[in-house]
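Accompanying notes for the structure given below.
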Amino acid sequence: MEALYSVMQGLESRLGGGEGIEGIYGSITATGMHKVLECMRHNCGLGGSSTLVDIGAGLGSGSSKASAKGSRAKGLLQQPQSRPIITCSSIEQIASLEPCSHAYSFWEGVPLSGKQAFGRLFAQARSMKAVAVVQRAMRGVPPEAHMAQLGFGPLLLIKAFPVNMSGAAL
Numbered sequence: 003m004e005a006l007y008s009v010m011q012g013l014e015s016r017l018g019g020g021e022g023i024e025g026i027y028g029s030i031t032a033t034g035m036h037k038v039l040e041c042m043r044h045n046c047g048l049g050g051s052s053t054l055v056d057i058g059a060g061l062g063s064g065s066s067k068a069s070a071k072g073s074r075a076k077g078l079l080q081q082p083q084s085r086p087i088i089t090c091s092s093i094e095q096i097a098s099l100e101p102c103s104h105a106y107s108f109w110e111g112v113p114l115s116g117k118q119a120f121g122r123l124f125a126q127a128r129s130m131k132a133v134a135v136v137q138r139a140m141r142g143v144p145p146e147a148h149m150a151q152l153g154f155g156p157l158l159l160i161k162a163f164p165v166n167m168s169g170a171a172l
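The numbering of the sequence shown is this note's numbering, which starts it at 3 and goes up by one.
This is how it looks when you write it as structure tokens:
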């Protein structure tokens, strides 16, 4: 799991905008990401032959700073990656989640339309085994029902736990 987070953090750091300590401001900490990945490994079969897709990285949306990050990301993503395969792209860049096996999204700030697009893609992908979503608590509706409303289809909640992000806690 440390190797996977290291690759993710390396890509993030090369995009720029880091606070000099850990990741880009507002990104999940190593400890938090380890909890997510370890849960997926233990409960959902995440491993060396898995393909993890990171939905909602926010690259290329909004400001010119984000746009510059999006341009740098495209160049970085054309470079060969080591196992496990990591694909980072905004939801608007993805036509299908095939052949990905696992999905992850730190989707604080992702608009409802982006979450719904993710839900449709997830439900259509036969290769998908699991999805992990990091956000503030889902209040007022059970998480499975909330995800179903977004188009993910029927899901089983494996685990819910708090994680930290650089500069704040969720």
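Ideal Cβ positions, reconstructed from N, Cα and C, are used throughout, including at glycine.
All values derive from a computational prediction rather than experimental measurement.
Buried or exposed by the 16-neighbour rule on C-beta atoms within 10 Å, applied to residue i
i: SER73; result: In this prediction, SER73 has a pLDDT of 42, which is less than 50 and means its spatial position is unreliable; nothing more can be read from the coordinates.
i: VAL55; result: buried
i: PRO82; result: Annotation note: pLDDT 48 at PRO82 (below 50); position unreliable, no value reported.
i: ALA162; result: exposed
Extent of the continuous beta strand (DSSP E) run through residue i
i: ALA132; result: 132-136
i: VAL55; result: 53-57
Strand pairing of residue i, partner residues [DSSP]
i: PHE108; result: VAL136
Same chain only: Cβ atoms within 7 Å of residue i, ignoring 5 sequence neighbours per side
i: ILE1; result: Shown here, the chain extends from 3 to 172; a query on residue 1 therefore has no answer.
i: PRO156; result: ALA150
i: VAL2; result: In the structure displayed, the chain extends from 3 to 172; residue 2 sits before or after that span and is not available.
Presumed contact (8 Å Cβ cut-off) between residue i and residue j, rounded CB distance
i: ALA125; j: GLY153; result: 6 Å
i: THR33; j: MET167; result: The Cβ separation is near 11 Å, so there is no contact.
i: MET35; j: ALA132; result: Between ALA132 and MET35 the Cβ distance is about 15 Å, and since that is not below 8 Å, they are no contact.
Residue i - containing alpha helix (DSSP H), residue span
i: CYS102; result: Here CYS102 belongs to no alpha helix (DSSP H), and DSSP marks it neither H nor E.
i: THR33; result: 32-46
i: PHE120; result: 114-126
Neighbourhood of residue i by C-beta, 8 Å cutoff - its chain only, sequence neighbours within 5 removed
i: LYS37; result: PHE163 and VAL165
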